[in-house]
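This report concerns only the one structure given below.
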Amino acid sequence: MNQPDDMFAKIKPKRISDEIYSQIKELILAGKLQPGQKLPPERELAANMGVSRPSLREAIHRLEAQGFVSHIQGSGTYVSSMTENAMGAAIDEYFKRGESIFDVVEMRKVLETWAARIAAERATDEEIVQMEEYLEEMRVACEQMQVGHEPDANFHSTISYATHNVLFVHVMNTIHQWVEQVSYEVRSRMFQDPEHHTMLYRQHKAIFEAIRDRNVDGAGMAMLEHMKYIEEQTRQIFADKLSRSASS
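So that you can map any letter, position 45 of the sequence shown is 208 in our numbering, and since no number is skipped, the others follow by simple counting.
Rendered as structure tokens:
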């Protein structure tokens, strides 16, 4: 029996840019390239991959169009959060409602507690060392009565990475971006009070020690205590703020 001539399509060799695109996308999906991580400069990356710069540029443009990376003029190309582009517009509208921050804090409490438990099981020695370094930066900030926003945020991000759950890392990275301004305001207010400052350091120390000791239940309990404390302070700070806005 004769086959029609158009049944089989001709095989086309893959373009170099397609190969580049597939490789970088797979590194992102596998979590080997993390949200917020900067890609090497174009010349260096092309040399590392053994490809031409025009082919690399074409692949990067495709990745950018699909939301896998974003280019910042004068800075470079960065890995995007997988959830940010898909949910960004809806979340922006949601955050125009003042009360939304309380929902996010409540959700973050659950997610961070889970992350601490999993990190106690999966964190590498290098990640534990990194957490300890950020904890030391927080201790110094506490002694000098500085805000310590960056080491605090980095400490929590490292715990997220230590879960080694790629989707979770992307979700938490997006949440942290959404609440960055709120988190900074809460920390700034709390760090003005030496008592709050000391309490926050002790809570982070307890979280770190439990993760370091592979104490799963202890890590979860320490993080839950910390997040309840943050939730309480956030409600106090923003309830007053929303009340003033409503009355003005």
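For glycine and all other residues, C-beta sits at the position ideal for the given N, C-alpha and C. From a predicted model like this one, the values you see are computed outputs, not experimental measurements.
{"Asked": "Measuring CA to CA, which of ALA369, VAL334, ILE179 is closest to HIS389?", "Found": "ALA369"}
{"Asked": "Quick one: grab the DSSP three-state call for HIS234.", "Found": "strand"}
{"Asked": "Just to confirm, are ILE291 and PHE231 a CB contact at a threshold of 7 Å?", "Found": "no"}
{"Asked": "Check whether the Cβ atoms of VAL242 and PRO203 lie closer than 7 Å to each other.", "Found": "no"}
{"Asked": "Any Cβ of chain B within less than 7 Å of the Cβ of LYS177?", "Found": "Protein chains in the displayed structure number just one, and chain B is not present."}
{"Asked": "Leaving out five residues before and five after GLN396 in sequence, what residues of the same chain have Cβ atoms less than 8 Å from its Cβ?", "Found": "VAL349, ARG352, MET353, HIS359"}
{"Asked": "Could you have a look at VAL267 and say whether DSSP puts it in helix, strand or coil?", "Found": "helix"}
{"Asked": "Spatial neighbours of GLY239 within its chain, please: CB distance less than 6 Å, with the 5 preceding and 5 following residues excluded, ordered by chain position.", "Found": "LYS201"}
{"Asked": "In whole angstroms, what is the alpha-carbon distance linking THR361 and GLU300?", "Found": "13 Å"}
{"Asked": "Would the segment 274-284 count as touching the segment 319-334 if we require 3 or more Cβ pairs under 8 Å?", "Found": "yes"}
{"Asked": "GLY199 by DSSP, collapsed to three states: which one?", "Found": "coil"}
{"Asked": "Over what stretch of residues does the beta strand (DSSP E) that includes VAL242 continue unbroken?", "Found": "239-242"}
{"Asked": "Kindly indicate which residue of THR326, HIS327, ASP315, ASP181 has the alpha-carbon position closest to the one of HIS117.", "Found": "With the chain represented from 164 up to 411, any question about residue 117 goes unanswered, as that position is not in the structure."}
{"Asked": "Using the rule of at least 16 other Cβ atoms within 10 Å of the residue's Cβ for burial, across every protein chain shown, is GLU289 buried or exposed?", "Found": "exposed"}
{"Asked": "Please state the DSSP three-state secondary structure of ALA193.", "Found": "coil"}
{"Asked": "Taking the straight line between their C-alpha atoms, what separation do you get for ILE264 and THR337?", "Found": "14 Å"}
{"Asked": "For ALA382, which residues of its own chain have a beta-carbon under 8 Å away from its beta-carbon, when the five flanking residues on both sides are left out?", "Found": "ALA279, ARG280, ALA282, ALA283, ILE370, ALA373, ILE374"}
{"Asked": "Rounding to the nearest angstrom, what Cα-Cα distance links ILE183 and GLU295 in this structure?", "Found": "37 Å"}
{"Asked": "Restricting to Cα atoms, I'd like to know which of VAL268, LEU330, MET386, ILE187 is closest to GLN229.", "Found": "ILE187"}
{"Asked": "Could you pull out every residue in the same chain whose Cβ sits closer than 8 Å to the Cβ of ALA193, ignoring the five residues on either side in sequence?", "Found": "VAL329"}
{"Asked": "In angstroms with no decimal places, state the Cα-to-Cα distance between ARG377 and VAL214.", "Found": "44 Å"}
{"Asked": "Is the CB-CB distance between SER244 and HIS333 below 7 Å?", "Found": "yes"}
{"Asked": "In chain order, what residues of the same chain have a beta carbon less than 7 Å from the beta carbon of THR312, not counting five sequence neighbours either side?", "Found": "Reading off the sequence shown, one finds His at residue 312, where the question assumed Thr. Once the five neighbours on either side are set aside, the close Cβ partners of HIS312 are TYR347, ARG350."}
{"Asked": "Taking the continuous alpha helix (DSSP H) assigned at LYS368, which residues delimit it?", "Found": "357-375"}
{"Asked": "Buried or exposed for THR326, going by 16 or more other Cβ atoms inside 10 Å?", "Found": "buried"}
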